Amino acid sequence: MAILEVLKFPDSRLKKLSKKLNNILESDIALSLNMLETMYKFRGIGLAAPQVGQLKRLIVIDIRSSRYDDLQKSDNKESDNKESDNKEPSSYQLTDLEKKISMPLVLFNPEIIESKSTTTFDEGCLSIPGYYETVQRKKWVKVKYQNEKKEFCELQSDGLLSICIQHEIDHLDGKLFLDRLSFVKSKRLKTEIKKHGYDLKEDTKSEE
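Position one of the sequence shown corresponds to residue -19 (my numbering), numbered consecutively onward.
Shown next, in the form of structure tokens:
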């Protein structure tokens, strides 16, 4: 497996619409594994194919904090106490629905077919490192997709997983969480990033 480059705003490729995978190839399965490896490396909880330059309707997700605890122990042994720029997710208690779902998740052609209620959540993004804003999302979603075995599946979720699924599907449609903010706030943040970049932004929250 390989660590892939994560595109960052304002890269124009992040605005493009991803294509449905009518036939899931072995190369697509390999891409999903590389995406998971990349997501773990940068301490993300979700990653979409367009974030690594592939315009395919594919997302990967893992919201388990324990996965990162194991990685941190491994990193500490290998890095000999060197500083790391990686992001670790905050402590999060899974909901009852989330506990029923095996992680990591690989979702080809994910589509939200039902949703209920609304909630707000402070979101970050591996393509916008260091920036976090409160975004309104659906609280509960039902999603259909194909997994890494090419099986047709459905899942229901609330909590962080629901937020993450919606965030990643937005990427497939060429949208960032910045696009879900008010016009004034979105414009201000986009201008700030284009002018100053990401060097001065540091945080330890999880990113998607």
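Every residue, glycine too, gets a C-beta built ideally from N, C-alpha and C. The structure presented is a predicted model; accordingly, all values stated were derived computationally and were not measured.
With fewer than three CB-CB distances shorter than 8 Å, the segment 121 to 134 does not count as touching the segment 14 to 33. Per DSSP, reduced to three states, the secondary structure at F22 is coil, with no helix or strand assignment. Counting C-beta pairs closer than 8 Å gives fewer than three between the segment -18 to -7 and the segment 141 to 148, which falls short of the contact rule. Per the coordinates, the alpha-carbon of T75 lies some 11 Å from the alpha-carbon of W120. For K96, the enclosing beta strand (DSSP E) stretches over residues 85 to 103.
Annotated as distal: F22 and I108, with beta-carbon spacing of 8 Å or more. DSSP places I108 in the coil class of the three-state scheme, outside both helix and strand. If you ignore the 5 residues before and after D102, its C-beta comes within less than 6 Å of the C-beta of Y112, T114, all in its own chain and listed in chain order. In this structure, the alpha-carbon of I9 lies about 6 Å from that of E128.
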